[in-house]
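S.K.:
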Amino acid sequence: MEHFLTKLIHGVTDQSRQSVHRRFIKFSKGAFPNGGPVVRMKVSKKNNLAINGSFEYEDLIGYYVATHLSDGSCKVGGNIYTQPRVSLDSLQDRLKELSLSDGWVRGKRGLKNLFVFPMDLALSPQELIKIYENLTNDCYLLLSITPEKGKEWVFKSGEKIPPLKKTFGKAEPFTTCKPETKLKCKNAELCEKSGICITQRTKFCRTKTSSLNTEEVTDILELFLPDFPELRPTFTELLLINQYTITGFIFPEDKDSLSSKEIREKIKKVGFIERIVYIDNKMHSNKVEFTV
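Read in order, the letters of the sequence shown are residues 122 to 413 in our numbering.
#1: Could you work out which residue in 338, 301 and 200 is closest to residue 92 when comparing CA atoms only?
#2: Mind reading off the beta-carbon distance from residue 177 to residue 158? Whole number of angstroms is fine, and I expect it under 8 Å.
#3: Determine the DSSP secondary structure at residue 364, reduced to helix, strand or coil.
#4: For the alpha helix (DSSP H) containing residue 405, name the first residue and the last one.
#5: Of the residues 280, 236 and 275, which one's Cα is nearest the Cα of residue 327?
#6: Label residue 160 either buried or exposed according to how many other C-beta atoms from any shown protein chain fall within 10 Å of its C-beta, with 16 as the threshold for buried.
#7: Where do the N-terminal and C-terminal ends of the beta strand (DSSP E) with residue 173 fall, by residue?
#8: Output needed for residue 335: all residues of its chain with C-beta closer than 6 Å, excluding positions within five of it in sequence on either side, in chain order.
#9: With distances taken Cα to Cα, identify the nearest neighbour of residue 311 among 299, 358 and 391.
#10: Considering only residues of the same chain and omitting the five flanking positions on each side of residue 164, which have a CB-CB separation below 6 Å?
#11: Here's the rule I'm using: 16 or more other beta-carbon atoms within 10 Å means buried, otherwise exposed. How should residue 238 be labelled?
#12: Less than 8 Å between the C-beta atoms of residue 409 and residue 396, yes or no?
#13: Quick one: what does DSSP say residue 180 is sitting in, helix, strand or coil?
#14: Secondary structure at residue 291, three-state DSSP: helix, strand or coil?
#15: Would DSSP call residue 258 helix, strand or coil?
#16: Counting pairs of Cβ atoms below 8 Å between the region 233–252 and the region 191–210, do you hit three or more?
#17: Just checking, does the region 305–322 make contact with the region 133–151 on the three C-beta pairs under 8 Å criterion?
#18: Pull up the distance between the alpha-carbon of residue 404 and that of residue 132, whole angstroms please.
#19: Would you list the residues sitting across from residue 241 in a DSSP beta bridge?
#20: What number of angstroms, rounded off, separates the C-alpha of residue 259 from the C-alpha of residue 138?
#21: Quick check on this structure: which residue in 227, 249, 407 and 204 has the alpha carbon closest to the alpha carbon of residue 350?
#22: To the nearest angstrom, report how far apart residue 72 and residue 389 are at their CA atoms.
#23: Output the distance between the C-alpha atoms of residue 301 and residue 122, rounded to the nearest integer angstrom.
#24: Per DSSP, which one or two residues make a beta bridge with residue 389?
#25: Under 8 Å, do residue 400 and residue 362 count as touching if we go by C-beta distance?
Following this line, the structure appears as structure tokens:
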């Protein structure tokens, strides 16, 4: 499975262009420090890895969990939502293959334009991996995973798509944080460096792994940080922030014949992602330019 940010890093292909484009329709021109997803990882003394992430990293963390589950079934709950501008009909062939074609309903309140599939199934790791691989481009996979045995590799995710204002606002929460809250905050130093509220941004989904060897930690670095090959799998704490800046638009050639809504959906966004990594208090960064 390839995350949409990984597609941008490697170069968007014709096949993936539309699915990546949909992720940026909601952004206007400007800087969005809270625009992209955030993930935090901590390694314990026993080499267990605690992973906490924001919305839009729930699919990649869930996929990582699914690929490391032992044989046997796991309980899968939560919801699958179609992404905006994705019709349920366009997914039917894949849904039938995954035995997920029946049971979809319209979303509620602000999500009435989307369809949702309430998950309550016992699946094998292989079946779960197929769901992530086949639906991540067109759906939000807000799933929770509970293995048959043990407390390790349990994955919890929010079951509803968070409001856009909460997730993509331009404000820097740390600057408006109450003094008493800053004093109590365990993440205050990182919040001040990054300008975002680490606690708020990394509580949408979480998991705790079993004890990992060096190769398994390397796997997760390659999954989340393919553009940082210099990072070593011997860290204690890692924070990855993706901040968006939209610098311009490319209008469709046939804009004069399109409605305002159609133009808004077809405009290509030009800009860059500032990918910032804090790893054991050392900062690394990479600028990824894009036109999508």
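All C-beta atoms, glycine included, are put in the ideal place defined by N, C-alpha and C. Model, not experiment: these values are computed from the prediction.
M.R.: Taking the coordinates as given:
#1: The question about residue 92 has no answer, for the chain in this structure spans 122 to 413.
#2: If you number the sequence shown from 1, residue 177 lands on position 56. If you number the sequence shown from 1, residue 158 lands on position 37. Their Cβ separation, rounded to whole angstroms, is 4 Å, which keeps residue 177 and residue 158 in contact under 8 Å.
#3: Position 243 of the sequence shown holds residue 364. Strand.
#4: Numbered from 1 along the sequence shown, position 284 holds the residue referred to as residue 405. Premise fails: residue 405 lies in the beta strand (DSSP E), 403–412, not in any alpha helix (DSSP H).
#5: If you number the sequence shown from 1, residue 327 lands on position 206. The shortest C-alpha separation from residue 327 is found at 275.
#6: Numbered from its first residue, the sequence shown carries residue 160 at position 39. Residue 160 should be labelled buried.
#7: In the sequence shown, the residue the question calls residue 173 occupies position 52. First-last of the beta strand (DSSP E) with residue 173: 169–174.
#8: Taking the sequence shown and counting its residues from 1, the one referred to as residue 335 is at position 214. Hits under 6 Å: 354.
#9: Your numbering for residue 311 matches position 190 in the sequence shown. If we check each option's Cα against that of residue 311, 358 comes out closest.
#10: Within the sequence shown, the letter at position 43 stands for residue 164. The beta carbon of residue 164 is closer than 6 Å to those of 170 and 357 in its chain, skipping five residues each way along the sequence.
#11: Residue 238 sits at position 117 when you count from the first residue of the sequence shown. Classification of residue 238: buried, given that the 10 Å Cβ count is 16 or more.
#12: Position 288 of the sequence shown, counted from the start, is the residue given in the question as residue 409. Position 275 of the sequence shown, counted from the start, is the residue given in the question as residue 396. Yes.
#13: The residue you call residue 180 lines up with position 59 of the sequence shown. DSSP places residue 180 in helix when its eight states are reduced to three.
#14: If you number the sequence shown from 1, residue 291 lands on position 170. Reliability of the predicted coordinates at residue 291 is poor, the pLDDT of 47 falling under 50, and no value is obtained from them.
#15: Translated into positions along the sequence shown, residue 258 becomes position 137. Three-state DSSP puts residue 258 in coil, outside helix and strand.
#16: yes
#17: no
#18: Counting from one through the sequence shown, the residue named residue 404 turns up at place 283. Counting from one through the sequence shown, the residue named residue 132 turns up at place 11. Separation of residue 404 and residue 132 (C-alpha to C-alpha, rounded to the nearest whole angstrom) is 24 Å.
#19: Taking the sequence shown and counting its residues from 1, the one referred to as residue 241 is at position 120. Paired residues: 198.
#20: Sequence index remark: in the sequence shown, residue 259 carries index 138 (1-based). Sequence index remark: in the sequence shown, residue 138 carries index 17 (1-based). Near 12 Å, if we compare the C-alpha coordinates of residue 138 and residue 259.
#21: Residue 350 sits at position 229 when you count from the first residue of the sequence shown. Comparing Cα-Cα distances from residue 350 to each of 227, 249, 407 and 204, the minimum goes to 407.
#22: There is simply no residue 72 to check, as the chain begins at 122 and stops at 413 in what is shown.
#23: On the sequence shown, position 180 is the one that residue 301 refers to. On the sequence shown, position 1 is the one that residue 122 refers to. Distance between the alpha carbons of residue 301 and residue 122 is about 42 Å.
#24: For the purposes of this step, residue 389 is taken as the residue at position 268 of the sequence shown. DSSP, once it has assigned bridges, lists 371 as partnering residue 389.
#25: Counted from its first residue, the sequence shown places residue 400 at position 279. Counted from its first residue, the sequence shown places residue 362 at position 241. No.
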